[in-house]
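There are 2 protein chains.
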Amino acid sequence: MKSSLTLEHQICFQLYTASKELTRLYRPILAPLNLTYSQYLVMLVLWEEDNIDLKQLGDRLTLDSGTLSPLVKRLMQLDYVEKVRATDDERRVLLSLTPSGSALREQAEEVPLKVSGMLNIDEATYIAYMEMLIDIKARLRAFGEREE
Amino acid sequence: MKSSLTLEHQICFQLYTASKELTRLYRPILAPLNLTYSQYLVMLVLWEEDNIDLKQLGDRLTLDSGTLSPLVKRLMQLDYVEKVRATDDERRVLLSLTPSGSALREQAEEVPLKVSGMLNIDEATYIAYMEMLIDIKARLRAFGEREE
DNA sequence: GGCAATTAAGTTGTGCACAATCTAATTATA
DNA sequence: TATAATTAGATTGTGCACAACTTAATTGCC
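Chains A and B, in that order, give the protein sequences.
Going letter by letter, the first sequence gives residues 1 to 148 in the working numbering.
Going letter by letter, the second sequence gives residues 1001 to 1148 in the working numbering.
Right, dumping it as structure tokens:
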């Protein structure tokens, strides 16, 4: 298998730069919503499922509390979300949308459309690319599980 | 085109998590070399082309001086690289390998092999995936250039 | 030759990303 | 039922990633 030490021949490098460059594309689109890219991902989860606890949120985004805690704090300062401690299990903290956070969804609806337009990609290619990325993750997880 | 606001349906999310998870795979492999993932990318460039100036290096990795300056400082502390100011143009700084930095290459040769093994991917799929990622970047750049 | 515009690096400040550690609540089990 | 093990979340520290700004060298243009 590919063993050349050349930068451009490493899938890790292509993935790393592609991810960075796509995130860069989002920045100006998200700026009017006062969101960073990671904050946008958290909001996506909440618009899908309100009142989710931080643990589930972190699992969904593969982020630990060290990243999420300060990020959520900033979303609270923006008045987009609020935290409520769960009554049944006092360790858990539920995150829910404020009215402003819910209202923001309408503006956010346009984000994927804008991005698709910028990428200039047809549906079939888009799906093929998504499947590739999901497959890469599946292979990574398969290895992780072999190791446990 | 894809306009659902669901997390998993966004190519950006798949790219973002795939990149993070692949980087995570590298961490234990690079730890014995005392390198982070980004530092490894810099070393890859230097093993390919020694005595490169910081500007070119940054272009190659899509990193600006705000990221590279402190990163290179840490590589210097590890005694893997050294900086020399170019004589023809005093603004430029050339980065070159120290003996330890050159010697490290031998150990690094095994990294791509290990990663391929962990990913458990055949050559044809690997190449197809690389091309998809390069295509995504090409589309992003095409948009960037339309905007200039 | 003189001066504005550009360029290369570096610095500062903000926000991830993650390891390691801590606290408090819950669950398991001896 | 004590107490050990586990779990959720927060905190601390390190290292990217990038915008905005600074400094110094070079280039362009009159």
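Quick reminder that beta carbons are idealized off the backbone N, C-alpha and C, glycines included.
Assigned with DSSP and collapsed to three states, ARG1085 of chain B falls in strand. With its beta carbon less than 8 Å from one in chain B, GLU109 of chain A belongs to the interface.
Annotated three-state conformation of ILE52 of chain A is strand, per DSSP. Between LEU1007 of chain B and ARG141 of chain A, the CB-CB gap reaches or exceeds 8 Å. In the three-state scheme derived from DSSP, where H, G and I count as helix and E and B as strand, LEU1140 of chain B is classed as helix. Taking 8 Å as the threshold, the shortest C-beta distance from SER65 of chain A to chain B does not fall below it. Note: VAL1093 of chain B is bridge-paired with B:ARG1085 in the DSSP secondary-structure output. Chain-order list of chain B residues neighbouring VAL45 of chain A: LEU1007, by C-beta distance under 9 Å.
The C-alpha of MET1076 of chain B lies about 44 Å from the C-alpha of LYS83 of chain A. Residues ASN51, ASP53, VAL84 and ALA86 of the same chain have their beta carbon placed closer than 6 Å to that of LEU94 of chain A, with the five preceding and five following residues left out of the count.
The Cβ-Cβ distance between LEU1015 of chain B and LEU133 of chain A falls below 8 Å. Chain A has no Cβ within less than 8 Å of the Cβ of SER1102 of chain B.
Proximity of chain A to THR1017 of chain B at the Cβ level (cut-off 7 Å) is accounted for by THR62 and LYS137, in chain order.
Of the candidates A:LEU44, A:LEU30 and A:TYR80, the residue whose Cα lies closest to the Cα of LEU1005 of chain B is A:LEU44. Annotation for SER1116 of chain B: the continuous alpha helix (DSSP H) segment containing it runs 1110 to 1119. C-alpha of GLN1039 of chain B to C-alpha of GLN1056 of chain B: approximately 16 Å in a straight line. Around the CB of LEU113 of chain A, fewer than 16 other CB atoms lie within 10 Å, so the residue is classed as exposed. Residue-level contact by beta carbon fails for GLU106 of chain A and chain B, as no gap is shorter than 8 Å. The beta-carbon of LEU140 of chain A is placed less than 8 Å from the nearest beta-carbon of chain B. The Cβ atoms of TYR37 of chain A and VAL115 of chain A do not sit closer than 8 Å to each other. Of the residues assessed, ARG1024 of chain B falls on the exposed side of the cut-off, its CB having fewer than 16 other CB atoms within 10 angstroms. Proximity of LEU22 of chain A to chain B, defined by a Cβ-Cβ separation below 8 Å, is satisfied.
When only Cα atoms are considered, ALA103 of chain A and HIS1009 of chain B end up about 22 Å apart. Taking LEU1068 of chain B as the centre and dropping the five residues before and after it, the same chain places the C-beta of LEU1054, LEU1057 and GLY1058 closer than 7 Å to its C-beta, in chain order. With contacts defined as CB atoms closer than 8 Å, SER1096 of chain B and VAL1072 of chain B fail to qualify as a contacting pair. Following the DSSP letters along the chain, one finds SER1019 of chain B inside the alpha helix (DSSP H) bounded by residues 1011 to 1030.
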